[in-house]
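Some notes on the structure that comes next.
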Amino acid sequence: MNVRISLPLCFPIAAAGLSLGAGAAHAHTSERGLVMLLPTDYYLAGGALAVAVSFAVLALAPMGRGEWRVAAREGAAAREAGDGQSARGPAWASWLGFLLFAALVVSGFVGSRDPLGNPLSLGIWTGLWVMVVLAHAVLGDLWRAINPWSGPVRLLSRLTAPLVVRLFPGRGTVPPFRLPARIGHGAAIAQFLAFAWFELIDPAPDDPARLAVAAGVYWLVNALAMLLFGEGEWRRRGEIFSVFFGFIALLAPVRWVEGGGRPRPRLRWPGAGVLAAPAPSVSAACFIVLALATVSFDGASRTFWYLDLIGVNPLEFPGRTAVMAENTIGLLAAALLLGAVYFGAVALGRRLAGTGTVPAAAMLVTTLLPISLAYHFSHYLTQLLVNGQYMLATLGDPLGRGANWLGYTERQVTTSFLNDYHAVEWIWNAQAGAIVLGHVWAVWLAHVMVGRALVGGALPAGGAAPPDRMRATLAELPLAVLMIGYTVFGLWLLSSPTGA
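Numbering (mature numbering (1 follows the signal peptide of the UniProt record, and there is no 0)) for the sequence shown: -27 to -1, 1 to 473.
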């Protein structure tokens, strides 16, 4: 349907309100889609203008000394606390996470065969991959406490210590091996690629029994790696959820620090963790780019444009099995393309600025985290609204035996709000607004990070001026153009009809 929506001035900075009310956007849940005729031009123009104006405002009014002190103070406080990295959760929290994970895996084997009626399918794809991700953007790195490995692996390490010493007498330590520094986050990248392939390309990732096998194997492989290389080191560089959630938590207004022998929350400015965190390695930068590329490919692979590109009639989609090879190539191509464009934009910025003090691509990559979070929220919003209801119903009948412990059954699940104009209008505006705000946030973080690098990472002493305006603008310009283009791309995805 064609709609005309007013342009509410909800976000005064950088004219982001131009896109919050510009029109309607596409949303999907599970394997179903809504095909709408939308005022696409309004969305694309409004979103691009919002990000462009935000960059122009920052370029013309660079960070002043007062704002610089705020950023420096937040960064110093977070660095002093290790940005939460020193805070370890209580053992019982990890054991609780392990018991919940084990119960979900068991339900995958013995529960309902319907993915929308099985706790494992809903728990992994909606609970873990949607709800927990968004929770980390608000509450900080909860996964350090609730992950299902820390408690069991620490116990196994103590129990197997004598055996390890006998098997590796020359080492005499637990863990017996060091994770080579030269591989960086290579293990996490490889596992994330496998995870993304399973989610986006495997013929039946929602099948409870199939998912139970995959989840069980994933837990065992990573538990073994933690025993061999150390729990902390493997979670920092090898286990994908620990790595991804840790990066997303940098955006949160909450950080966790040690206090009185247990983690305590501390408030900070949203995004301060990005400014305070040490520069990630090149491999960590590749991981962040890969995470953004996969959710972008997920959206693009459903569009009529992509299906036509691989020779598939979008109105007669043959099923995922028929396009596994094409989608595998598409997933890899999306990651390589985004990586090339991002690293190229940063390199061009360094060249235009004519200085080696402009942050390298690895340092600036964390400024993409708001964009990644925004895409995640927008992409999975309707899945959360619908499958969240199925999760509630399944909690009352986890084994699919007809129980009704919570007084809420699948018969009460509704998608009728998708037929209500005002409800859909709110969903559309939330999705588009999140994408634009995420890009504006990213532009601001990049502006601060580039400016800080141009003055050596600290507040200029005495009467020294803040970062040179021209050099800072030239350094940021290619990355800003990339973010504007990605805003248009994201809004185009939301407004494009899907056929898969």
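In this text, a Cβ means the ideal position worked out from N, Cα and C, and glycines have one as well.
key: Test item: CB-CB of residue 84 and residue 181 under 8 Å   = Your numbering for residue 84 matches position 111 in the sequence shown. Your numbering for residue 181 matches position 208 in the sequence shown. With contacts defined as CB atoms closer than 8 Å, residue 84 and residue 181 qualify as a contacting pair.
task = Could you work out which residue in 467, 110, 123 and 148 is closest to residue 135 when comparing CA atoms only?
result = Taking the sequence shown and counting its residues from 1, one reaches residue 135 at position 162. Checking every option, the nearest Cα to that of residue 135 belongs to 148.
message = With a threshold of 6 Å on Cβ separation, who are the neighbours of residue 206 within its own chain once the five nearest residues in sequence on each side are excluded?
response = Position 233 of the sequence shown, counting from 1, holds the residue named residue 206. Counting only residues of its own chain and dropping the five nearest sequence neighbours on each side, residue 206 has a CB closer than 6 Å to the CB of 152.
Nonlocal neighbours in the same chain, by C-beta distance under 7 Å from residue 371, ignoring five residues either side = Here residue 371 refers to the residue found at position 398 when the sequence shown is read from its first residue. The residues are 80, 84 and 92.
ask   = Which residue's Cα is closest to the Cα of residue 317: 137, 470 and 455?
value = Position 344 of the sequence shown, counted from the start, is the residue given in the question as residue 317. Distance check between residue 317 and each of 137, 470 and 455 places 455 closest, using alpha-carbon atoms only.
ask   = What residues in its chain sit with their C-beta under 8 Å from that of residue 162, if we drop five residues either side in the sequence?
value = Taking the sequence shown and counting its residues from 1, the one referred to as residue 162 is at position 189. These residues qualify, in order along the chain: 256, 259, 260 and 263.
message = By alpha-carbon positions, which one of 159, 414 and 22 ends up nearest to residue 244?
response = Here residue 244 refers to the residue found at position 271 of the sequence shown. Residue 414 is the option with its Cα nearest to residue 244.
task = Measure from the alpha carbon of residue 342 to the alpha carbon of each residue in 412, 398, 68 and 27, then state which is nearest.
result = As a position in the sequence shown, residue 342 is number 369, starting the count at 1. Check the Cα spacing between residue 342 and each of 412, 398, 68 and 27: the tightest is with 412.
inquiry  = If you reduce the DSSP assignment to three classes, tell me which class residue 115 lands in.
reply    = Stepping through the sequence shown from its first residue, residue 115 is reached at position 142. Under the three-state reduction of DSSP, residue 115 is assigned to coil, being neither helix nor strand.
message = Suppose the cutoff is 6 Å on Cβ atoms and the five residues either side in sequence are ignored; what does the same chain contact list for residue 457 look like?
response = By 1-based counting over the sequence shown, the position of residue 457 is 484. 21, 24 and 25.
task = To the nearest angstrom, report how far apart residue 304 and residue 119 are at their CA atoms.
result = Here residue 304 is taken as the residue at index 331 of the sequence shown, counted from 1. Here residue 119 is taken as the residue at index 146 of the sequence shown, counted from 1. Across the structure, residue 304 and residue 119 are spaced so that their CA atoms are roughly 30 Å apart.
key: residue 290 to residue 472 span [Cα, whole Å]   = Stepping through the sequence shown from its first residue, residue 290 is reached at position 317. Stepping through the sequence shown from its first residue, residue 472 is reached at position 499. Going from the Cα of residue 290 to the Cα of residue 472 covers about 7 Å.
ask   = Could you give the distance in angstroms between the alpha-carbon of residue 131 and the alpha-carbon of residue 406?
value = Residue mapping note: residue 131 aligns to position 158 of the sequence shown, counting from 1. Residue mapping note: residue 406 aligns to position 433 of the sequence shown, counting from 1. Looking at the backbone, the Cα of residue 131 and that of residue 406 are separated by about 50 Å.
request  = Determine the burial state of residue 219: buried for a count of at least 16 other Cβ atoms within 10 Å of its Cβ, exposed for fewer.
outcome  = To locate residue 219, count along the sequence shown from 1; it is residue 246. Residue 219 is buried by the Cβ-count criterion.
ask   = Alpha carbon to alpha carbon, how far is residue 175 from residue 187?
value = Position 202 of the sequence shown holds residue 175. Position 214 of the sequence shown holds residue 187. Computed Cα separation, rounded: 11 Å.
inquiry  = Taking the alpha-carbon of residue 209 as reference, which of 160, 321, 191 and 347 has the nearest alpha-carbon?
reply    = Reading the sequence shown from its first residue, position 236 is the one you call residue 209. Nearest C-alpha to residue 209: 160.
query = Looking at the unbroken beta strand (DSSP E) that takes in residue 374, where does it start and where does it end?
reply = Position 401 of the sequence shown, counted from the first residue, corresponds to residue 374. Annotation for residue 374: no beta strand (DSSP E) segment contains it, and DSSP assigns it neither H nor E.
message = With three or more beta-carbon pairs closer than 8 Å as the criterion, would you say the region 293 to 303 touches the region 276 to 284?
response = Segment contact: the region 293 to 303 against the region 276 to 284, three or more CB-CB distances shorter than 8 Å; contact assigned.
ask   = If we count Cβ pairs, one from each stretch, closer than 8 Å, do we get three or more for the region 96 to 107 versus the region 378 to 388?
value = Output reads no: the region 378 to 388 does not touch the region 96 to 107.
ask   = Are the CB atoms of residue 369 and residue 357 nearer to each other than 8 Å?
value = Taking the first residue of the sequence shown as position 1, residue 369 is located at position 396. Taking the first residue of the sequence shown as position 1, residue 357 is located at position 384. In this structure, residue 369 sits away from residue 357, with a CB-CB distance that is not shorter than 8 Å.
ask   = What are the complete alpha helix (DSSP H) segments, minimum 4 residues, inside the region 87 to 132?
value = Correct list: 92 to 95, 106 to 112 and 116 to 119.
query = Is residue 251 near the ligand FAD, judged by its Cβ being under 7 Å from some heavy atom?
reply = As presented, the structure is devoid of all ligands, the ligand FAD included, so that no description of it is given.
request  = Return the CA-CA distance between residue 197 and residue 183, expressed in angstroms with no decimal places.
outcome  = Counted from its first residue, the sequence shown places residue 197 at position 224. Counted from its first residue, the sequence shown places residue 183 at position 210. Residue 197 and residue 183 have their C-alpha atoms roughly 21 Å apart.
inquiry  = Taking the straight line between their C-alpha atoms, what separation do you get for residue 292 and residue 177?
reply    = Locating residue 292 in the sequence shown gives position 319, where the first residue counts as 1. Locating residue 177 in the sequence shown gives position 204, where the first residue counts as 1. Rounded to whole angstroms, residue 292 to residue 177 spans 10 Å at the Cα level.
query = Which word fits residue 167, buried or exposed, when buried means at least 16 other C-beta atoms lie within 10 angstroms of its C-beta?
reply = Position 194 of the sequence shown, counting from 1, holds the residue named residue 167. By the neighbour-count criterion, in which a residue is buried when 16 or more other Cβ atoms sit within 10 angstroms of its Cβ, residue 167 is exposed.
request  = Take residue 353 as the anchor and find which of 408, 325 and 367 has the nearest alpha-carbon.
outcome  = Sequence index remark: in the sequence shown, residue 353 carries index 380 (1-based). Considering only alpha carbons, the answer is 408.
request  = Could you name the residues that DSSP lists as bridge partners for residue 471?
outcome  = As a position in the sequence shown, residue 471 is number 498, starting the count at 1. In DSSP, residue 471 forms a bridge with 276.
task = Give me whichever residues DSSP pairs with residue 238 in a beta bridge.
result = Counting from one through the sequence shown, the residue named residue 238 turns up at place 265. Residue pairing by DSSP places residue 238 opposite 229 in a beta bridge.
inquiry  = Rounding to the nearest angstrom, what Cα-Cα distance links residue 313 and residue 319 in this structure?
reply    = Here residue 313 refers to the residue found at position 340 of the sequence shown. Here residue 319 refers to the residue found at position 346 of the sequence shown. One C-alpha to the other measures close to 10 Å.
Separation of residue 382 from residue 376, as counted between CA atoms = Counting from one through the sequence shown, the residue named residue 376 turns up at place 403. Counting from one through the sequence shown, the residue named residue 382 turns up at place 409. Answer to the nearest angstrom: the Cα atoms are 9 Å apart.
query = In terms of alpha-carbon separation, which member of 351, 392, 365 and 445 lies closest to residue 402?
reply = Position 429 of the sequence shown, counted from the first residue, corresponds to residue 402. Ranking the options by Cα distance to residue 402, first place goes to 351.
query = Ordered along the chain, which non-local residues of its own chain (more than five positions away) have a Cβ less than 7 Å from that of residue 396?
reply = Looking up residue 396 in the sequence shown gives position 423. Correct list, in chain order: 390.
ask   = Are the Cβ atoms of residue 423 and residue 448 separated by less than 8 Å?
value = Numbered from 1 along the sequence shown, position 450 holds the residue referred to as residue 423. Numbered from 1 along the sequence shown, position 475 holds the residue referred to as residue 448. In this structure, the beta-carbon distance from residue 423 to residue 448 falls below 8 Å.
ask   = Taking just the CA atoms, how far does residue 72 sit from residue 137?
value = Stepping through the sequence shown from its first residue, residue 137 is reached at position 164. Stepping through the sequence shown from its first residue, residue 72 is reached at position 99. Each residue's Cα considered, the two are about 27 Å apart.
For residue 173, three-class secondary structure by DSSP = Within the sequence shown, the letter at position 200 stands for residue 173. For residue 173, the secondary structure class from DSSP, reduced to helix, strand or coil, is helix.
message = Taking the straight line between their C-alpha atoms, what separation do you get for residue 142 and residue 154?
response = Stepping through the sequence shown from its first residue, residue 142 is reached at position 169. Stepping through the sequence shown from its first residue, residue 154 is reached at position 181. Those two C-alpha atoms are separated by around 23 Å.
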